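Chemist: Residue numbers (my numbering), protein chains in the order written: chain V, 1 to 250; chain B, 251 to 627; chain S, 628 to 1157.
For glycine and all other residues, C-beta sits at the position ideal for the given N, C-alpha and C.
Predicted model, so just to flag it, every value in this text is computed and none were measured.
1) Run through chain B and tell me which residues come within less than 8 Å of residue 19 (chain V), C-beta to C-beta.
2) If you draw a straight line from the C-alpha of residue 740 (chain S) to the C-alpha of residue 733 (chain S), how long is it?
3) Only counting the same chain, and skipping five residues up and downstream in sequence, which positions put a Cβ closer than 8 Å to that of residue 981 (chain S)?
4) Can you check which of these residues, B:556, B:354 and B:535, is closest to residue 365 (chain B) by C-alpha distance?
5) Report yes if the C-beta distance between residue 537 (chain B) and residue 418 (chain B) is below 9 Å; otherwise report no.
6) Could you compute how far the alpha carbon of residue 150 (chain V) sits from the alpha carbon of residue 186 (chain V)?
7) In whole angstroms, give me the CA-to-CA distance for residue 710 (chain S) and residue 704 (chain S).
8) Counting contacts by CB-CB distance shorter than 9 Å, is residue 556 (chain B) in contact with chain A?
9) Can you give me, in chain order, the residues of the segment 1080-1097 of chain S that have a beta carbon less than 7 Å from any beta carbon in chain B?
10) Give the list of continuous alpha helix (DSSP H) stretches no shorter than 4 residues that lie fully inside the segment 175-226 of chain V.
11) Is it buried or exposed, residue 728 (chain S), if we count other Cβ atoms within 10 angstroms and call 16 or more buried?
12) Could you confirm whether any beta carbon from chain V is found closer than 9 Å to the beta carbon of residue 321 (chain B)?
13) Fully enclosed by the segment 970-1050 of chain S, which beta strand (DSSP E) runs are 3 residues long or longer?
14) Who are residue 940 (chain S)'s beta bridge partners in DSSP?
15) Can you tell me whether residue 42 (chain V) is buried or exposed, with buried defined as 16 or more other CB within 10 angstroms of its CB?
16) Can you find the residues in the same chain that come closer than 7 Å, C-beta to C-beta, to residue 39 (chain V), ignoring five residues on each side of it along the sequence?
17) Check residue 231 (chain V) in the structure and name its three-state DSSP category.
18) Run through chain B and tell me which residues come within less than 7 Å of residue 1055 (chain S), C-beta to C-beta.
19) Please confirm whether residue 60 (chain V) has its beta-carbon closer than 9 Å to some beta-carbon of chain B.
20) Determine the DSSP secondary structure at residue 345 (chain B), reduced to helix, strand or coil.
21) As a quick exercise: from S:883, S:1040, S:845 and S:1001, pick the residue whose alpha carbon is nearest that of residue 866 (chain S).
22) By a C-beta neighbour count over all protein chains shown, 10 Å radius and 16 as the cutoff for buried, is residue 648 (chain S) buried or exposed?
23) How many angstroms separate the CA atom of residue 810 (chain S) from the CA atom of residue 426 (chain B)?
24) Give the straight-line distance between the Cα atoms of residue 842 (chain S) and residue 820 (chain S), rounded to the nearest whole angstrom.
25) Under a three-way DSSP split, which group does residue 18 (chain V) fall into?
26) For a cutoff of 9 Å on Cβ pairs, would you count residue 480 (chain B) as touching chain V?
27) Hey, could you find the ends of the alpha helix (DSSP H) residue 1129 (chain S) is sitting in?
28) Using only the alpha-carbon positions, how far apart do residue 381 (chain B) and residue 574 (chain B) sit?
29) Classify residue 1073 (chain S): buried if its beta carbon has 16 or more other beta carbons within 10 angstroms, exposed otherwise.
30) DSSP state of residue 88 (chain V), grouped into three classes?
31) Name, going along the chain, the residues of the segment 91-109 of chain V whose beta-carbon falls closer than 9 Å to a beta-carbon of chain B.
32) Kindly list the residues whose CB is nearer than 6 Å to the CB of residue 701 (chain S), restricted to its own chain and excluding five residues on each side of it in sequence; keep chain order.
33) Just to confirm, are residue 195 (chain V) and residue 37 (chain V) a CB contact at a threshold of 9 Å?
34) If I measure Cβ to Cβ from residue 224 (chain V) and keep anything under 6 Å in the same chain, skipping five residues before and after, which residues do I get?
35) By alpha-carbon positions, which one of B:453, B:395 and B:285 ends up nearest to residue 522 (chain B)?
36) Does the segment 6-15 of chain V come close enough to the segment 53-71 of chain V that 3 or more CB-CB pairs lie under 8 Å?
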């Protein structure tokens, strides 16, 4: 990441989303630096997923500013445009293409032309194969490359989805509950993988598992009722009276 | 990465069978004497040709439903539009041989007291133009309709319902005499096509062979599409639309492209259908026809292409037999087929056969694949 | 007839005791009836009718019925009972002259009789007879009735009837060159107030050469009537639209429940409507052959039965087919289409392909005239019924635990399941309820549509349009959708024709769905999008 950049990669200011009067996000503001990893915590309904929806263009905010790299107004773009800008998203429940092989999943995710006609005429290149091989190594699925994604275990699907995100070569990864349903070992491995990714890219991780958040060892933002309740190092946030009250419990 | 050739085993089987049919049927018709049990009678040829055009329609439905998850309940509309384009050409070929002997105006226009040919009938006396329209009109309608629908993310049953409403609206429109397509009676009493008398045995054989060729071509085209990366994206859309979107694919463009292509295939099917059955009327737009085409695909096995062809042939052969032998039972059978296939054979004949085959293979080889652990790292 | 007879006798008695006028135009005219000449008879009718003599009416009636007999310059009325009375005196006549012959009639005479009758019954004491007479005079515009009508207006107490009589008078005066300008202008004004198609016809067909001071106000009056009639006809169309909307509401509301709760498109929904209609048919057949006296109540008997029959079929379908297809809406759509084919063919096999006759109870026939509107009772019953059914369903959804569970499942199936709602039982019940409602819709539709195996097919696409337009899982949306489509359809019809109107509407809905893919009243939020 050598290009000259503004200090903040992602900038949310005063973002409000309401569904029939219920405010899923309430004047939310957040800033994320380049190659920063941020953990988002908060009780159910705090607006974590809605925030992801707003950043990725799935939900339009009723008001507020969402800027990427200081110049792209994400509120006026759709999902595909935002993805092409370099924002990748992993869903809460792992979503991969069950009927495709692992390597086809990665192939479809590889950065490149996205139009239907170029897809129709595209040829498989060696360069693509090498990229896929590298990604398979990284998410430890080399042995399964020919298997259908639908046959993978839950944890493997999570990793495949992260691999697909990496294949997009995004500047920012939004990762929703990557550790859900994983064994302790898998959770630790996932934390390692994310820390490794964060060396070159920005990552936003939404997570409930406090052990996992602790392992990530990054700045934490706690959301509550659609706005930021507390922000800072995990120890500071988890010592916050309000956070304890609404989320962590005494 | 496995290289997927367009000429895989399934394609070779399908193409060989089609080629064999295209050769055998005419040969058995012309060379085998009528008394022989192997003789293919004259009336059977247009019937088989009709089945082949239905198979092409089924193929077009499978392309969008089987591979992209778009269930169109209005594909009969594209089929009928292609048919009308061909029908208009055939009407213009009648010339002064009509009942009213008007050199330009088809009979129904004379009957309605029309003085001149409506603008949209011009050019249809020239075959290449009519053939182009059989592709372009369904294609344009599909493009406009799809552009509106996919852009606003109308999906699932909503899309099915509005495609049904589309074909229903077209049916009502074509029933109107003012539309200039012969109203209730449609277009019929054709005389000849490209100078050949349409009823003659030779013309029928040519049309039959052409239908087989068009089906083979359509199959290859679809095979090419689904084997390409485009095809993979389509399946990705079918299985996880929003995932595909978040990967940066413009889902609506993909859907639009394949929907338009599919409509054009359906148009070709309609254009081949009309000269072989000798009539096109607004009944072809009936929503029931479109749904029937979907069940052909379901019976054969969707998402396989070959299954669509198989299903169209099997169901239509069954229909011909039942409506002849036990007409009052046909709707029970057809209705039962819908229920049976969706409930008990969701992957159709081809899927069921494949499952059986693989089960047999596993038993034969004594290898229990599902016992192989794959979660171990 | 007995009543009329009695009343005539009373009238005669009354008149004989109050009136002393015995010699006059009436007596002078009598011999003309005996002259055996059509033109004399015609002239005499006019004179008699205008005379105001109490025997005028019985005489003209007798003439009409061939009971007026003449012999040597004398005229007799044969009473229906057989007795003869002298037309001049009203006294019973003893010895019957041998050469009594009926006064002969031809068409001209009959017309004269009609006109005279109108004038004569104007004075009768029965309100219905006077109303009929006023109407007859209004139509015949017979100047001879003018005097009688003026008498009648003077003594009329009923304001409604008075208006009718005045209109009749106006119809006579308007085209009458002999009448004064003031009278004729009064006629224009009166007709303008009457304001119906007949008044318009009178006002716009003044004889050529009528003086401009009459023609101009008449034209203005005609214009004002025209615009009023246009308003009424628009209102009438709105009524037709509401009526169509109610039918759509009935057909769609069950669909909305199943679609909303289960996300299931029930293509066999139309067949449920059809089964409801056939249930009505069967109920009526049984009543006809066993207890004909109950026929008036047949629909009330059919309603619960139709609900039970179609609801039962619905639950059966859900348990045997649909529950295996949850989460696969497109497959469900195909399977239910198959079921619809089977149900259609089954009904065709059992009842035959022809339309079956479903009777309309007497209380549902006829129409209510309201201003310029004509509201037929069967349509009115269907509108009321549709709203009642809608209200009931609304209450069921809002206040019963079934409704609560169904709403919970609509909004978040998984969550509903995890808090202990047995979603599959709710599904079965919801499907049964939706089908049952379709069944009672069928009872209502049997009153206005042909009961044939194809009945349901005619409604299915429209019902889908209603549900999709209104928004899924929202009963109010269905109501608004049904009424909007119904009224829009009927308002378009006069301009575009029935078929083109329908096409335009379909296109409009297709375009609408592009803008609001989830309908007018869509549920919002994360759960829906997931």
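Modeler: According to the structure data:
1) By one-based count along the first chain, residue 19 (chain V) stands at place 19. Under the 8 Å cutoff, chain B gives no residues; its nearest Cβ is about 18 Å from residue 19 (chain V).
2) For this step, residue 740 (chain S) is matched to residue 113 along the third chain. For this step, residue 733 (chain S) is matched to residue 106 along the third chain. Distance from the CA atom of residue 740 (chain S) to the CA atom of residue 733 (chain S), rounded to whole angstroms, is 10 Å.
3) Counted from its first residue, the third chain places residue 981 (chain S) at position 354. 1079.
4) Residue 365 (chain B) sits at position 115 when you count from the first residue of the second chain. Comparing Cα positions, the closest option is B:354.
5) Residue numbering aside, residue 537 (chain B) sits at position 287 when the second chain is read from its first letter. Residue numbering aside, residue 418 (chain B) sits at position 168 when the second chain is read from its first letter. Closer than 9 Å, so yes.
6) Your numbering for residue 150 (chain V) matches position 150 in the first chain. Your numbering for residue 186 (chain V) matches position 186 in the first chain. Taken atom to atom, the span from the alpha-carbon of residue 150 (chain V) to that of residue 186 (chain V) is near 19 Å.
7) Taking the first residue of the third chain as position 1, residue 710 (chain S) is located at position 83. Taking the first residue of the third chain as position 1, residue 704 (chain S) is located at position 77. Computed Cα separation, rounded: 8 Å.
8) As a matter of chain content, chain A is missing from the structure shown, whose protein chains are V, B and S.
9) Answer in chain order: 1088, 1091, 1092 and 1095.
10) The segment 175-226 of chain V contains these whole alpha helix (DSSP H) runs: 184-197 and 210-216.
11) Counting from 1 along the third chain, the entry for residue 728 (chain S) is found at position 101. Result: exposed.
12) As a working note, residue 321 (chain B) is residue 71 in the second chain. False, the Cβ-Cβ gap to chain V never drops below 9 Å.
13) With a minimum length of 3 residues, the continuous beta strand (DSSP E) runs that stay inside the segment 970-1050 of chain S are 994-997 and 1000-1003.
14) Sequence index remark: in the third chain, residue 940 (chain S) carries index 313 (1-based). Under DSSP, residue 940 (chain S) forms no beta bridge with any residue.
15) For the purposes of this step, residue 42 (chain V) is taken as the residue at position 42 of the first chain. Using a 10 angstroms sphere on the CB of residue 42 (chain V), the tally of other CB atoms reaches 16 or more, which defines it as buried.
16) The count along the first chain starts at 1 and reaches residue 39 (chain V) at position 39. Result list for residue 39 (chain V): 205, 207, 213, 216, 218 and 220, in chain order.
17) As a position in the first chain, residue 231 (chain V) is number 231, starting the count at 1. It is a strand residue.
18) The residue labelled residue 1055 (chain S) in the question sits at position 428 within the third chain. None at all; the shortest Cβ gap to chain B is about 17 Å.
19) One-based indexing of the first chain puts residue 60 (chain V) at position 60. At a cut-off of 9 Å between C-beta atoms, residue 60 (chain V) does not count as an interface residue with respect to chain B.
20) For this step, residue 345 (chain B) is matched to residue 95 along the second chain. The three-state reading of DSSP puts residue 345 (chain B) in helix, counting H, G and I together.
21) Position 239 of the third chain, counted from the start, is the residue given in the question as residue 866 (chain S). Among S:883, S:1040, S:845 and S:1001, the Cα nearest to that of residue 866 (chain S) belongs to S:1001.
22) Here residue 648 (chain S) refers to the residue found at position 21 when the third chain is read from its first residue. Reliability fails at residue 648 (chain S), whose pLDDT of 43 lies under 50, so the model's placement of it is uncertain and no value is given.
23) Locating residue 810 (chain S) in the third chain gives position 183, counting from the first residue. Locating residue 426 (chain B) in the second chain gives position 176, counting from the first residue. Within the model, the alpha-carbon separation for residue 810 (chain S) versus residue 426 (chain B) is close to 53 Å.
24) Here residue 842 (chain S) refers to the residue found at position 215 of the third chain. Here residue 820 (chain S) refers to the residue found at position 193 of the third chain. Looking at the two C-alpha atoms, the distance is approximately 17 Å.
25) Residue 18 (chain V) sits at position 18 when you count from the first residue of the first chain. If DSSP states are grouped into helix, strand and coil, residue 18 (chain V) belongs with the strands.
26) For the purposes of this step, residue 480 (chain B) is taken as the residue at position 230 of the second chain. Taking 9 Å as the CB threshold, residue 480 (chain B) lines the interface with chain V.
27) For the purposes of this step, residue 1129 (chain S) is taken as residue 502 along the third chain, with counting starting at 1. Run containing residue 1129 (chain S): 1125-1142, per the alpha helix (DSSP H) assignment.
28) Taking the first residue of the second chain as position 1, residue 381 (chain B) is located at position 131. Taking the first residue of the second chain as position 1, residue 574 (chain B) is located at position 324. The alpha-carbon atoms of residue 381 (chain B) and residue 574 (chain B) are separated by roughly 34 Å.
29) On the third chain, residue 1073 (chain S) is found 446 positions in, with the first residue counted as 1. In summary, residue 1073 (chain S) is buried, with 16 or more beta-carbon neighbours lying within 10 Å of its beta-carbon over all protein chains present.
30) Indexing the first chain from 1 puts residue 88 (chain V) at position 88. Residue 88 (chain V): strand per DSSP, three-state reduction.
31) Legend: CB atoms of the segment 91-109 of chain V lying less than 9 Å from CB atoms of chain B belong to residues 91, 95, 96, 97, 98, 99, 100, 101, 103, 104, 105, 107, 108 and 109.
32) In the third chain, counting from the first residue as 1, residue 701 (chain S) sits at position 74. Closer than 6 Å at Cβ, skipping near neighbours: no residue.
33) Here residue 195 (chain V) corresponds to residue number 195 of the first chain, with the count starting at 1. Here residue 37 (chain V) corresponds to residue number 37 of the first chain, with the count starting at 1. In this structure, residue 195 (chain V) places its C-beta atom within 9 Å of the C-beta atom of residue 37 (chain V).
34) As a working note, residue 224 (chain V) is residue 224 in the first chain. The answer, listed in chain order, is 42, 46 and 246.
35) Sequence index remark: in the second chain, residue 522 (chain B) carries index 272 (1-based). Here the closest residue by C-alpha is B:453.
36) Verdict: yes, contact present.
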